[in-house]
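Residue numbers (mature numbering (1 follows the signal peptide of the UniProt record, and there is no 0)): -25 to -1, 1 to 281.
This is the structure we're talking about:
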């Protein structure tokens, strides 16, 4: 009996130690990612998975986010929407038609009603996955990874409350294409307490002025630079962004966001020189991709990702 009690106690002790060791490791990793995000001169590239790992699970699903974490990305990107009863859910489109077996807008349904629908995978087949809420996602990733809140501008206040409630505010990046003055006027109560990224279209006049205006006032943690043409002077000389405390985020998703230096060029054509290498040479320290596995493999071979 005595030996059984000793063994039982040892097993319990080991389980407790294992739990706290895993929790500490996750917390340490997340703290490291947060620190890395705020080090704009760090040469290591951070990888953001667009809508999670949507090639292996339905886009914007809890499973897609879990898979993205499992392969080692630094950031997951997701899209916000709102139900009839005011709950923030994850849905890219303005309707649920393309991505679920339902029809209509998320705003046509309460959360309970919306949960009855099922997400489709990349082939359009219905799965068992439900539309997640922002709260569910943040509970899943708490202490593990960062998140980029796309299509969030209309829901800043609601998202902020979810993040505060779940204790994950420091893991989230808010973003918008709006000018600094517009954001300051609409969200004066929270703008100084969130991690913020400004989205800049380099093809439009006044791009550099927009960047400098933001950096004079709130110093965004990053600037997402989008460009259909690769002729912008900012692409040739953008160290001023890093020197003023911000990382450069470039999307390798599709050609109109990066002048053709995209994921398909890297993976389908096997030409990384004119895609990921080009993006890195033009200042990117965060790359958002639809090919997270391949990009991570590419970066790790070059000691650009841990």
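Glycine included, C-beta positions come from ideal geometry on N, C-alpha and C.
Taking a contact as a CB-CB distance under 8 Å, the pair residue 55 and residue 138 does not count as one, their CB atoms being some 12 Å apart.
The beta carbons of residue 201 and residue 158 sit no closer together than 8 Å.
Annotation: residue 183 to residue 209 spans about 7 Å, alpha carbon to alpha carbon.
For residue 176, the CB contacts under 8 Å within the same chain, skipping 5 residues up- and downstream, are 152, 182, 201, 202 in chain order.
Cβ atoms of residue 259 and residue 223 come within 8 Å of each other, at about 5 Å.
Rounded to whole angstroms, the separation of the alpha carbons of residue 244 and residue 276 is 19 Å. No Cβ-Cβ contact shorter than 8 Å links residue 92 with residue 70. Taking a cut-off of 8 Å for Cβ pairs, the stretch 48 to 67 and the stretch 98 to 109 touch, as three or more such pairs fall below it. One Cα belongs to residue 119, the other to residue 141, and the distance between them is close to 13 Å. Going by DSSP, residue 55 is part of the beta strand (DSSP E) stretching over 50 to 57. Excluding five sequence positions before and after residue 82, the CB atoms of its chain that fall closer than 7 Å to its own CB belong to 57, 58, 59, given in chain order. The three-state reading of DSSP puts residue 114 in helix, counting H, G and I together. In the three-state reduction of the DSSP assignment, residue 278 falls in the coil class, being assigned neither a helical nor a strand state. Listed in chain order, the non-local C-beta contacts of residue 38 below 7 Å within the same chain comprise 32, 104, local neighbours out to five positions each way being set aside.
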